[in-house]
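What follows is a single structure, written as structure tokens, with notes after it.
2 protein chains.
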Amino acid sequence: MTELHEAEEVSSTAGRPLTRRGEQTRAKLLEAAEHVVADIGYHEASIVKITERAGVGMGTFYLYFDSKQTVFEALVVDLNRRVRHSMAAAMEGTGSRVEAERAGFSGFFRFTAQHPALYRVVREAEFVSPQMLRLHYTRIVEGYIAGLEAAQGVGEIDPGLDPEVTAWALMGIGELIGMRYLLWERDSDGRPPVDLDPDVFEAMMRFIQNALTPPRRAESEES
Amino acid sequence: MTELHEAEEVSSTAGRPLTRRGEQTRAKLLEAAEHVVADIGYHEASIVKITERAGVGMGTFYLYFDSKQTVFEALVVDLNRRVRHSMAAAMEGTGSRVEAERAGFSGFFRFTAQHPALYRVVREAEFVSPQMLRLHYTRIVEGYIAGLEAAQGVGEIDPGLDPEVTAWALMGIGELIGMRYLLWERDSDGRPPVDLDPDVFEAMMRFIQNALTPPRRAESEES
DNA sequence: AACGAACCTGAATCACCTGTCAGGTTTGGA
DNA sequence: TCCAAACCTGACAGGTGATTCAGGTTCGTT
Numbered sequence: 043m044t045e046l047h048e049a050e051e052v053s054s055t056a057g058r059p060l061t062r063r064g065e066q067t068r069a070k071l072l073e074a075a076e077h078v079v080a081d082i083g084y085h086e087a088s089i090v091k092i093t094e095r096a097g098v099g100m101g102t103f104y105l106y107f108d109s110k111q112t113v114f115e116a117l118v119v120d121l122n123r124r125v126r127h128s129m130a131a132a133m134e135g136t137g138s139r140v141e142a143e144r145a146g147f148s149g150f151f152r153f154t155a156q157h158p159a160l161y162r163v164v165r166e167a168e169f170v171s172p173q174m175l176r177l178h179y180t181r182i183v184e185g186y187i188a189g190l191e192a193a194q195g196v197g198e199i200d201p202g203l204d205p206e207v208t209a210w211a212l213m214g215i216g217e218l219i220g221m222r223y224l225l226w227e228r229d230s231d232g233r234p235p236v237d238l239d240p241d242v243f244e245a246m247m248r249f250i251q252n253a254l255t256p257p258r259r260a261e262s263e264e265s
Numbered sequence: 043m044t045e046l047h048e049a050e051e052v053s054s055t056a057g058r059p060l061t062r063r064g065e066q067t068r069a070k071l072l073e074a075a076e077h078v079v080a081d082i083g084y085h086e087a088s089i090v091k092i093t094e095r096a097g098v099g100m101g102t103f104y105l106y107f108d109s110k111q112t113v114f115e116a117l118v119v120d121l122n123r124r125v126r127h128s129m130a131a132a133m134e135g136t137g138s139r140v141e142a143e144r145a146g147f148s149g150f151f152r153f154t155a156q157h158p159a160l161y162r163v164v165r166e167a168e169f170v171s172p173q174m175l176r177l178h179y180t181r182i183v184e185g186y187i188a189g190l191e192a193a194q195g196v197g198e199i200d201p202g203l204d205p206e207v208t209a210w211a212l213m214g215i216g217e218l219i220g221m222r223y224l225l226w227e228r229d230s231d232g233r234p235p236v237d238l239d240p241d242v243f244e245a246m247m248r249f250i251q252n253a254l255t256p257p258r259r260a261e262s263e264e265s
């Protein structure tokens, strides 16, 4: 129940069959919730607004989710799964670790640009559902740690780095760069960018490459 | 009015004199708001809860702040000023840029450990007051950029780095490392740490040092 | 064509909140 | 000692929105 690494379906339908029609209604509600919450935030997002956007009656909501809190948690799980999928797909078949990192960030930024809901939902999770906040970050970091350790094994990145701390640092970089240069940026018509500015991306990658690359020693250090 | 870099006092008392007694009451309210909001979040934090904690009557609140939103904004401005002060004080009289960076982060983490409200308030700002969210991050980043540019001028850090992007990256690192290793961490008695684990701090600094240090070239690259 | 299961609906309940205001209290200077 | 300015108070008006529930609708199967 307090398990951080198992639960996938967050709803009131645990166990209940759900016909195709039911599945569709649940999906409509989840998508509506994603947009409404991204637009106006969790607290302003009333059940009525969500059900209206989904095109169903208000009572229907409670057939698929136990509470407003529940749909929020389902939303985090769903967006988290999707962003990780987007990152994994982008990293598919890359060579070096830095190349993989580059691809992973690319996937992350593309997803962020297309689903600002992720950011906004995660930020609100601080109080709405701290458990989901942790789950979100922890799941992403786990992938990073594994990749970094493997790369260290092959001598591709500085062996003096701590994989866990490094993973959190990388996440932090992606988070704030994404916020600043994707979510805050607007073109001259007030439209949000479709992807990260390549110059910014390269500047960020230079920083990351510096950070990960094994230093060619001049003076001596421990280990 | 939409100025991001000027307004300092956010309240309903603009212009009004305020005797010492008044100042004190306002301060009590602001401090109460800090704790209540940090504990239960903006939306759960009712005016009654804040005034009760401050030890004043409910109506008093509106003598000092126009609305719940206003006290929140005042809170961001206040915490932002204090964290920047804490960082600046720690950086006072440091030598190299990396040394300054180290000291700045140290000040930042100490402040974060002592005032978890900063994090929580800022996260809620996403919807409560986006303007304040930007103000908070922007003000901190500005200091970074200046420092980085100066350090580049003296050849202390990689001239290939973009100061602005680098500044946001550094902020991101501090933000997530602080969240993970300060706000989430508890000792065996369930108490939060007083400061960041030195091992984590060193691991983070190694990453940052790698990132900032001018690479000793082996292969050639463009400028 | 008919029946049960699965679905859908929205008015009503209930709990709680923000912001106002008319009236009381404290303070400090003359 | 007295008074006006500054402060303080909390009941109350005006609202909101999550959740329930009794009753209706649709679907798939036989």
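These protein sequence lines are chains A and B, in that order. Our numbering applies: residue 43 is where the first sequence begins, and numbers increase by one. Our numbering applies: residue 43 is where the second sequence begins, and numbers increase by one. In this text, a Cβ means the ideal position worked out from N, Cα and C, and glycines have one as well.
Residue i classed as buried or exposed, judged by whether at least 16 other C-beta atoms fall within 10 angstroms
i       : result
H178(A) : buried
E159(B) : The displayed chain sequence assigns Ala, not Glu, to residue 159(B). Looking at its Cβ environment, which holds 16 or more other Cβ atoms inside 10 Å, A159(B) is buried.
D120(B) : buried
E168(A) : buried
A260(A) : Here the model assigns A260(A) a pLDDT of 48, short of 50, so the residue's position is not dependable, and the following value carries that caveat. Exposed, by the Cβ-count rule.
D231(B) : exposed
G97(A)  : exposed
A131(B) : exposed
R68(A)  : buried
V196(A) : exposed
M100(B) : exposed
A145(A) : buried
Q66(B)  : exposed
E134(B) : exposed
H47(B)  : Because the pLDDT at H47(B) is just 40, under 50, the model does not fix this residue reliably, and the point stays unresolved.
R248(A) : buried
A188(A) : exposed
E76(B)  : buried
G137(B) : exposed
M43(B)  : Its pLDDT being 37, under 50, M43(B) is placed unreliably in this model, and the value from its coordinates should be taken loosely. It counts as exposed.
R222(B) : buried
V236(B) : exposed
Integer-rounded CB distance, given that residue j should sit under 8 Å from residue i
i       : j       : result
I199(A) : R139(A) : 6 Å
I250(A) : E141(A) : About 12 Å separates the two Cβ atoms, so there is no contact after all.
G214(B) : F147(B) : Not quite, the Cβ-Cβ distance comes to about 12 Å (not below 8 Å), so this is no contact.
F103(A) : S171(A) : Incorrect: roughly 18 Å between the Cβ atoms, too far for contact.
M129(A) : F150(A) : 5 Å
F153(A) : V125(A) : 5 Å
P205(A) : L190(A) : 4 Å
E84(A)  : E184(A) : Reading off the sequence, residue 84(A) comes out as Tyr, not Glu. Wrong, their Cβ atoms sit about 26 Å apart, outside the cutoff.
E224(A) : A155(A) : According to the sequence provided, residue 224(A) is Leu. The question's Glu does not apply to it. At roughly 5 Å, the Cβ-Cβ gap stays under 8 Å, so L224(A) and A155(A) are in contact.
A80(B)  : V164(B) : That belief does not hold up - the Cβ atoms of A80(B) and V164(B) are roughly 11 Å apart, past 8 Å.
I92(B)  : L71(B)  : 7 Å
N252(A) : N122(B) : Not really, about 29 Å apart at Cβ, beyond 8 Å.
W210(A) : L218(B) : 5 Å
R282(A) : W226(B) : Nothing about residue 282(A) can be reported from this structure: the residues present for chain A run from 43 to 265 only.
Neighbour list for residue i in chain B, Cβ cutoff strictly below 8 Å
i       : result
L218(A) : Y179, W210, A211, M213, G214 and E217
Chain-ordered neighbours of residue i on chain A, where CB pairs are closer than 8 Å
i       : result
L312(B) : Outside the displayed span of chain B (43 to 265) sits residue 312(B), for which this structure offers no information.
R63(B)  : Simply none; closest approach about 34 Å.
R176(B) : W226
Chain-ordered neighbours of residue i on chain A, where CB pairs are closer than 9 Å
i       : result
R139(B) : Chain A residues near R139(B): none, gap ~14 Å exceeds 9 Å.
E168(B) : G83, Y161, R162, R165 and E166
Contact list for residue i against chain B, beta-carbon separation under 7 Å
i       : result
V242(A) : V207
D200(A) : N252
Closer than 7 Å at the beta carbon, the chain A residues around residue i
i       : result
P257(B) : N252
R222(B) : W210
Q.
For the segment 102–116 of chain A, list every residue whose C-beta sits within 8 Å of some C-beta in chain B, in sequence order.
A. none
Q: With a floor of 4 residues, list each alpha helix (DSSP H) that falls wholly inside the segment 174–256 of chain A, ordered by position along the chain.
A: 205–220 and 240–254
**Q.** Members of the segment 82–93 of chain B that neighbour chain A once the beta carbon cut-off is set at 9 Å
**A.** I82, G83, Y84, H85 and E86
Q: Return the residues of the segment 123–139 of chain B that lie within a Cβ-Cβ distance of less than 7 Å from chain A, sorted by chain order.
A: none
Q. Curious, which full-length alpha helix (DSSP H) runs of at least 4 residues does the segment 60–91 of chain A contain?
A. 62–82
(Q) Closer than 8 Å between beta carbons: that is the criterion. Which residues of the segment 225–237 of chain A meet it against chain B? (A) W226
Q) Which whole runs of the alpha helix (DSSP H) in the segment 99–162 of chain B are 4 residues long or more, in chain order? A) 100–106, 110–133 and 139–156
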